[in-house]
Amino acid sequence: MKQPIIMTDGNEATASVAHRSNEVIAIYPITPSSGMGEFSDEWSAKGKKNLWGTTPLVIEMQSEGGAAGAVHGALQTGALTTTFTASQGLLLMIPNMYKIAGELTSTVFHVAARAIASHALSIYGDHQDVMAVRQTGWALLSSGSVQEAQDFAAISQAATLKSRVPFIHFFDGFRTSHEVTKIFQLTDEELRLMLDDDLVRAHRARGLTPENPVLRGTAQNPDVYFQMREASNNYYTATPAIVQEMMDKFAQITGRHYNLFDYSGHADAERVIIIMGSGGEVVDETVDYLAKKGEKVGCLRVRLYRPFSIEYFIKGLPKSVKSLAVLDRTKEPGANGEPMYLDIVNALMEGKRADIKVIGGRYGLSSKEFTPAMAKAVLDEMSKPEPKNHFTVGINDDVSHTSLEVDSSFTLESEGMVSCVFFGLGSDGTVGANKNSIKIIGEETSNFAQGYFYYDSKKSGTVTISHLRFGPQAIRAPYLIEANQATFVACHQYAFLERVDMLKYAKEGAIFLLNSLYGPEEIWAELPQEVQKDILQKKLKFYVINGYDVAEKTGMGGRMNTIMQTAFFAISGILPRDAAIAEIKHAIEKSYGKRGEAVVKQNFEAVDATIANLYEVKVPAEINSVTTRRLPVPKEAPEFVRDVLGQIIDSDGDNIPVSAFPVDGTFPTGTTQWEKRNLALEIPVWDADLCIQCGKCVMVCPHAVIRHKVYDEKLVAGALETFKHTPSKFKEFSSGFAYTVQVAPEDCTGCTLCVEVCPVKDKRAVGRKAINMEPQPALREAEAKNWDFFMSIPDMDRKLFNPSTIKNSQLLRPLFEFSGACAGCGETPYVKLVSQLFGDRSVIANATGCSSIYGGNLPTTPWAKNADGRGPAWSNSLFEDNAEFGLGMRLTIDKQTEYARELLKSFEQTLSTELVEAILNADQSDETGIGAQRERVVELKDKLSKSSDTRAKDLISLADNLVKKSVWIIGGDGWAYDIGYGGLDHVMASGRNVNILVLDTEVYSNTGGQSSKSTPRAAVAKFAMSGKSLPKKDLGLIAMSYGYVYVARVAMGANDQQTLRALIEAEAYDGPSIVIAYSPCIAHGYDLSKSLEQSKLAVQSGHWPMYRYDPRLAIQGQNPLVIESKEPSIPVSQYAYNETRYRMLTQMNEGRAEELMKEAQHDAKARWTLYQQMASMHYGNGNEETKS
Amino acid sequence: MTDLSTTYLGLNLKNPLVASASPISKNIDKARKLEEAGVSAIVMYSLFEEQIIHESLELDHFLTRGTDSFAEALTYLPDGGMYSIGAEKYINQVAGLKKALTIPVIGSLNGVSKGGWTKYARQIQDAGADALELNLYYIPTDIDLTAQELENAQVELVAEVKSAISIPLAVKLSPFVTALPNFARRIVEAGADGLVLFNRFYQPDFDLEELAIVHSLDLSTSTELRLPLRWISILHGKVNADFALTSGVHTATDVLKAMMSGAKVAMMASNLLHNGDQVIPSMLNELSWWMESHEYESIKQMQGSMSQKSVREPAAFERANYMKVLGSWRDLP
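Protein chains in written order, with my numbering: chain A, 14 to 1201; chain B, 221 to 553.
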């Protein structure tokens, strides 16, 4: 049977088997497994059938816990059922996993194995999650490559049906789930042969049915529980042989043979590494290389980790083995060793091979690189008389000295292998082009090919690095291309030259392709010295193309993908030039054809224009540049920022030793200010003459890069000539005060929202505003100095003004600045406003999601401090528990405040009664009151500091609680509407004084746009590919039903004043409050610079009614609900069809789009009518007489 | 019994009242009602090539934007569908209207690229359109572009489209042409079977409070009839084409005037958009009544009867009205 060869990644390869071999699929997005769910949903939406000719039913649940429950139910009623997950998701499934195993139920969960959040979250791959379920009674089958991921998906499905033991089939997150490589595709016929219909029917027959009723899920007592726990033992005993049987059967069908323990290396090996997952590929390759040189080394790859078969394990080991090193990709603090190590120690004992020495070590946590040099370091360690046990490899542990020395010059070079590294900007399409390129090479040539893609952690201005390998021999290199190994290095963004050391990858004689603003004659003098040096020393062939010019002329805008891809093929000579161009064009048609001819034509034009603009540079013999590469952070940055965070910014985090890091995951705030990213091509420039000083530009800026200040006009004296200022128009500060709007030129992303919001129009040319965009480079230096001067001007004293107007509120210093959020992000203006209003006394619980990533992903954090050193204290616990996490913070504050007050009262005699009374009875309802209380607390501490009384020491440690604190619980709709809703509900019901801010993007933004219960009807999202058929959940209405929760629904773009008022009221309310904030998002599919206008349309159409519900009004006998938007005045479609998420449905299925839009219109009208009725109800204050 | 029939572009029509290009033809049920109400043919809304290009690039932009930038969100929108972008929707509508209606269906096309004009013209023909109207909608803003260059390009375009199709071709003209008769003749010589006078353009307005440019569609009034009325009168008999008068047709009287100027059909949109299809039967009744009361036998009889070549004072079409009042005289014996 001919086996098709395809280029694919681990997620797609696995999902393909899972989708074909199941009936029900319950999913929930979590990186890096989301792709499997997305593929399944897409295939089912298109009506793709499973092996038995019916389309699997795919359902998105509210959490992984929910998915596991739904899977359990579907399995119990006899459906072939699966799910996909990773990390915390798998942990949430544990309770159901015990049940499913206890009931001996056939199923396979496919897991893209990922790190667990401990001191920090990480989305990257290791085995911490799967190791955390090894005790649940599930079989664990490990695949180590994309080919294996597909094959083991089939083997595990066949094995579970026969063994009745449920299976976790796992592979390494990102490294395998996201690697694009060439595999033999499993055909329907082959898969069909693997699965026995009798076993499928037997599974079905075990399903619950009233036709043949039985009972499962009983409760048992001490008399019998234990016995029943032992009753299924034989099934586990039988499972290893069943898996091997299925592996043998698979080999007969496909020719690819696997074993429970696969050995490779020297036949008489004495030193053997034991390993699972993709690391096995590395060790395999390394031992093969060394064995050929005569070294007696080997690798035993563990495929079936649970049930662990000692018999098969001993059989798998060469008899000659003298020592073993067990590599675990996990960490169990406090254990005697990592789990697989302990299993092997035990297996050797029970398997009567206790003569073999064994050591264990950790490697590869959170996708840390694991290379042949590291594998060799382990083998070398084994040769030592006293090898290190419980070692680590791949890091420099200078604290507990666990790490092995690695000789990084040891590399494995496969003959004919070509290695290429491409540096791009996220938005320039480099990764997409390289995915296309590697597919072309893999599918159109006889080469084996591999593509792996690295991203930094920003959402705007991301640096991407594409690692492509291809060659005549199979590629078994699940690690990045190493230094001095690349035969081709391409820089797709000219600006990277000054900040990224990309030529460290280049091998001698390699090709360097630069997207250059300068031609072949001029470029040399423009290169930094380091680049010139590398080109000369490594004897690189140097090519330039002005891709920017080609892109502009062909209408490609900022997208370099097609241009640089064409240049790559033209220079590299992988294919004859004409053939390469034909293939690129074919790929363009395939990728973009369904989006219309115009897209194809535009890309074709870019291809054709590329060759004519591509030049080889005649490299001069000398280094003559006057410029050098920029430091990652300025010299004046604090030591930790400079020495640790700076090294991370400089893409050198791998080389930071353990000792440099905090032991408990605690980091300083206010660090984004040191990471100057210079992303914007154009930045806003203030026109002091036109400005009316309204502050709207400051309010709307998602990145806090535009600010205004009112200050003593005498301070201007120290300014540069280019520093702009004008007399203040603030009524509180009218005489003797100057006013400035200042932009941080190196932090701006160029989103233009400030220009859009500016209400001023020049009477001489209405297109000109008081803020206008101008090219950044010419302004950068002077404005950077002006920014520094501006920041040196003291902030206006908070006590001197009322922040309830927009302009006044924006005098408050943002304590959330320069985040890595998307340009034009709709969430961050709300977060920033909270930081301004309450940040100096806030504790923030942040749900996992976009806001936790732009808020807390290393290297830097936007959460900042004011001049007094105060600012938000921020933490992220999990995705699902954020409301409870925030409530816990409130409880501590409440308890400790109560205790502090109790202690304070006890000091009434010794301290001044007046001070104690003043503190206890302080009015802290405004900034003046809070400021005064702070001063009293300082005085209190001062007085207490002289006391040796332990109660005094306690009171000093608690006294800060006497100043009013503000607890904010922040997260997105995925958290608030779905996974965290249960907790959110309980926290609202608790009546405690917490403030909940829901950044409602109506979709799971952080994981790539999956539908949530907030997604509106008629919008397309992942997991709702054919348009969401049900309306958005009305979270505000549910919250209002408590009657004692302050609720507001706001849209800053539509009415900034209402947003400001709602946040101030919510915080002031001494009880639970929830503010649901309309947050434009890149996932909506429109130009976010138009988000203000679009927000207005959302409100005008009734899609997003704005209101405040204040329980305090009800107490006064007034209706608590105040609707602040007008009756819908435009159709919902007028708002909706500005956004791709709605519009694309009209292009995919016009009839359905019309039908759903009609219903969405009805939703808006019905909601409006209901709110109107609620708002017009008569409220008594409870004192009225009841009429009978 | 009066004979209301006419011919236009070689099509035999039961009366001269044709529905001109408007969104009504996007809805087959509404188009069917127009037919039932009595219009003799329907000109479809325009297929705008520029819009097709825009939709395609827009979809691509927003499906691509932000992709492959962040490890957790390699895309933000699902992209699994086949998108109905391009002429497909329009072509399907041509076929749908042809299937639903018995009256002739005339396609309308506004292109931007040479290839686009001919490709879409052929597709509209292949979908069953009885004729094609080219909508030469172009606002020249380039100061270097001369009238000659623009006219040459448009004449060339008409010739190319004509050579690509076999159904009759009409060309809808702009009134803003320096020497309209010459241009009209060149268009006809290039292959146009009919001329539609005139295109009405969206005219931007200013919002003085917002200091913003606003776009709104103002429906026509009967006073706008006069511009095409004059020009058809002038061109009738001089240029060998079927004329359609559009802009300002609201009443039976307007239709009569159009016919007398030399038009073969009078096209109406604003009145239909404003008042619905119920205006048609009364207009047709009034038309018959007027003809009967004035003893006209047929529409054909009156077509061109008041064109420039048919009136006693041809110069009336060449002068402005005030000239006629102030400057006319006759020698007394």
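Beta carbons: idealized from backbone N, C-alpha and C, even for Gly.
Is Y354 of chain A close to chain B, meaning its C-beta is less than 8 Å from at least one C-beta of that chain?
-> In the first sequence, the residue the question calls residue 354 of chain A occupies position 341. No, Y354 of chain A lies away from the interface with chain B (no Cβ there is under 8 Å from its Cβ).
What does I136 of chain A touch in chain B if you count any residue whose Cβ is under 7 Å from its own?
-> Here residue 136 of chain A corresponds to residue number 123 of the first sequence, with the count starting at 1. The answer, in chain order, is A291 and E292.
Chain B contacts from the segment 48-75 of chain A (Cβ-Cβ distance under 9 Å) = Flagged, chain order: G48, E51, D54, E55, W56, A58 and K59.
Is there at least one Cβ from chain A nearer than 8 Å to S548 of chain B's Cβ?
-> On the second sequence, position 328 is the one that residue 548 of chain B refers to. Interpretation of S548 of chain B is limited by its pLDDT of 49, a score under 50 that renders its predicted location unreliable; the figure taken from the coordinates is listed afterwards. Chain A, which has no Cβ nearer than 8 Å to the Cβ of S548 of chain B, makes this no.
In the DSSP assignment, find the beta strand (DSSP E) that holds A367 of chain A and state where it starts and stops.
-> The residue given as residue 367 of chain A occupies position 354 in the first sequence. Element bounds for A367 of chain A: n/a, residue is neither H nor E.
Sequence-distant residues of the same chain with beta carbon closer than 8 Å to V729 of chain A, five excluded per side = For this step, residue 729 of chain A is matched to residue 716 along the first sequence. Excluding residues within five positions, the ones whose Cβ falls inside 8 Å are F736, H738 and A751.
Opposite I463 of chain A in the DSSP bridges: which residues?
-> The sequence position of residue 463 of chain A within the first sequence is 450, counting from 1. A quick correction: the sequence has Gln, not Ile, at residue 463 of chain A. When DSSP reads this structure, Q463 of chain A sits in a beta bridge with A:T194 and A:R482.
Pick helix, strand or coil for A1127 of chain A, following the three-state DSSP scheme.
-> Indexing the first sequence from 1 puts residue 1127 of chain A at position 1114. Helix at A1127 of chain A.
Pull up the DSSP beta-bridge partners for R242 of chain A, would you.
-> Here the question's residue 242 of chain A lines up with position 229 in the first sequence. DSSP lists no partner for R242 of chain A.
Would you mind sorting K544 of chain B into buried or exposed? The rule is 16 or more other CB atoms within 10 Å of its CB.
-> As a first step, residue 544 of chain B is located in the second sequence; it is residue number 324 there, counting from the start. Reliability of the predicted coordinates at K544 of chain B is poor, the pLDDT of 45 falling under 50, and the value obtained from them is presented with this limitation in mind. When all chains shown are included, K544 of chain B counts as exposed.
Determine, using beta carbons only, whether E1163 of chain A comes closer than 8 Å to chain B.
-> The count along the first sequence starts at 1 and reaches residue 1163 of chain A at position 1150. Yes, E1163 of chain A lies at the interface with chain B (some Cβ there is under 8 Å from its Cβ).
Measuring alpha carbon to alpha carbon, tell me which of A:A860, A:I1051, A:K344 and A:M809 ends up nearest Y724 of chain A.
-> Locating residue 724 of chain A in the first sequence gives position 711, where the first residue counts as 1. Out of A:A860, A:I1051, A:K344 and A:M809, A:M809 has the C-alpha closest to the C-alpha of Y724 of chain A.
Helix, strand or coil at S548 of chain B [DSSP, three-state] = What you label residue 548 of chain B is simply residue 328 of the second sequence in a count that begins at 1. Here S548 of chain B scores only 49 on pLDDT, less than 50, and its place in the model is too uncertain to base an answer on.
Closest to K977 of chain A by CA distance: which of A:R229, A:R947 and A:H999 is it?
-> Taking the first sequence and counting its residues from 1, the one referred to as residue 977 of chain A is at position 964. Cα-wise, what sits closest to K977 of chain A is A:R947.
If V576 of chain B sits next to P236 of chain B, beta carbons under 8 Å apart, how far is it from one beta carbon to the other, in whole angstroms?
-> Residue 576 of chain B cannot be examined here, being either before or after the span of chain B that is shown, 221 to 553.
Cutoff 8 Å: E275 of chain B Cβ touching any chain A Cβ | Start at 1 with the first residue of the second sequence, and residue 275 of chain B comes out as number 55. E275 of chain B counts as touching chain A.
is_contact[M543 of chain B, chain A] using C-beta, thresh 8 Å | The residue labelled residue 543 of chain B in the question sits at position 323 within the second sequence. Low local confidence applies: a pLDDT of 47 at M543 of chain B is under 50, so the model's placement there is unreliable, with the coordinate-based value given in what follows. Closer than 8 Å: no.
Under the three-state reduction of DSSP, which class applies to K1200 of chain A: helix, strand or coil?
-> Numbered from 1 along the first sequence, position 1187 holds the residue referred to as residue 1200 of chain A. A caution first: K1200 of chain A carries a pLDDT of 48, below 50, which makes its placement in the model unreliable, though a value can still be read off. Secondary structure at K1200 of chain A: coil, using DSSP grouped into helix, strand and coil.
Residues in the segment 428-443 of chain B having any Cβ partner in chain A nearer than 7 Å = Cβ contacts with chain A come from L431.
Within the segment 1011-1068 of chain A, ranges of the alpha helix (DSSP H) (whole runs, at least 4 residues) = As far as the segment 1011-1068 of chain A is concerned, its whole alpha helix (DSSP H) runs of at least 4 residues are 1048-1053.
Which residues does DSSP pair with L352 of chain B in a beta bridge?
-> As a first step, residue 352 of chain B is located in the second sequence; it is residue number 132 there, counting from the start. Partner(s): B:G327 and B:L389.
From the DSSP output, read off the bridge partner residues of H505 of chain A.
-> On the first sequence, position 492 is the one that residue 505 of chain A refers to. Note: H505 of chain A sits in no beta bridge, so no partner.
Taking only the alpha-carbon atoms, compute the straight-line gap between Y41 of chain A and A519 of chain A and give it to the nearest angstrom.
-> By 1-based counting over the first sequence, the position of residue 41 of chain A is 28. By 1-based counting over the first sequence, the position of residue 519 of chain A is 506. Looking at the two C-alpha atoms, the distance is approximately 41 Å.
Can the beta-carbon of G301 of chain B be found closer than 8 Å to that of M1161 of chain A?
-> Translated into positions along the second sequence, residue 301 of chain B becomes position 81. Translated into positions along the first sequence, residue 1161 of chain A becomes position 1148. A contact, by the Cβ cut-off of 8 Å.
Following the continuous alpha helix (DSSP H) through V620 of chain A, name the residue where it begins and the one where it ends.
-> As a working mapping, residue 620 of chain A is identified with position 607 in the first sequence. From DSSP, the alpha helix (DSSP H) with V620 of chain A extends over E610 to I624.
Scan the segment 412-443 of chain A for residues whose Cβ lies nearer than 9 Å to a Cβ of chain B and list them as they occur along the chain.
-> Under the 9 Å Cβ criterion, the segment 412-443 of chain A contributes G437, L438, G439, S440, G442 and T443.
Using a cut-off of 7 Å between C-beta atoms, extract the partners of I387 of chain B located in chain A.
-> As a working note, residue 387 of chain B is residue 167 in the second sequence. Neighbours of I387 of chain B in chain A, taken as residues at a C-beta separation under 7 Å, are lacking, since the least C-beta distance is about 24 Å.
Do you know how far the Cα of L445 of chain B is from the Cα of P553 of chain B?
-> Residue numbering aside, residue 553 of chain B sits at position 333 when the second sequence is read from its first letter. Residue numbering aside, residue 445 of chain B sits at position 225 when the second sequence is read from its first letter. Unreliable placement is indicated for P553 of chain B, whose pLDDT of 49 sits below 50; no coordinate value is reported for it.
Cβ contact check for the segment 651-663 of chain A and the segment 871-879 of chain A: 3 or more pairs under 8 Å | Put simply, the segment 651-663 of chain A touches the segment 871-879 of chain A. At least three CB pairs are less than 8 Å apart.
Might you give, ordered along the chain, the residues of its own chain that have their beta carbon closer than 6 Å to the beta carbon of K1200 of chain A, omitting 5 neighbours on each side?
-> For the purposes of this step, residue 1200 of chain A is taken as the residue at position 1187 of the first sequence. Residue confidence for K1200 of chain A is low, a pLDDT of 48 falling below 50, so the modelled location carries little weight and cannot support an answer.
Is the beta carbon of R205 of chain A less than 8 Å from the beta carbon of L117 of chain A?
-> Residue numbering aside, residue 205 of chain A sits at position 192 when the first sequence is read from its first letter. Residue numbering aside, residue 117 of chain A sits at position 104 when the first sequence is read from its first letter. At least 8 Å separates the beta-carbon of R205 of chain A from that of L117 of chain A.
Which residues mark the beginning and the end of the alpha helix (DSSP H) in which D808 of chain A is found?
-> Looking up residue 808 of chain A in the first sequence gives position 795. Judged by DSSP secondary structure, D808 of chain A falls outside any alpha helix (DSSP H); it is assigned neither H nor E.
Other residues of its chain near Y465 of chain A: CB distance less than 6 Å, five sequence neighbours each side excluded = Here residue 465 of chain A is taken as the residue at index 452 of the first sequence, counted from 1. The beta carbon of Y465 of chain A sits closer than 6 Å to the beta carbons of E192 and H480 from its chain, once the five residues preceding and following it are set aside; these are given in chain order.
Of all the options B:S394, B:I344 and B:L504, which has the alpha carbon lying nearest to the alpha carbon of P448 of chain B?
-> Here the question's residue 448 of chain B lines up with position 228 in the second sequence. Of all alpha-carbon atoms in B:S394, B:I344 and B:L504, the one lying nearest the alpha-carbon of P448 of chain B is that of B:S394.
By the criterion of Cβ-Cβ separation under 8 Å, what are the contact partners of Q615 of chain A in chain B?
-> Locating residue 615 of chain A in the first sequence gives position 602, where the first residue counts as 1. Chain B residues near Q615 of chain A: L277.
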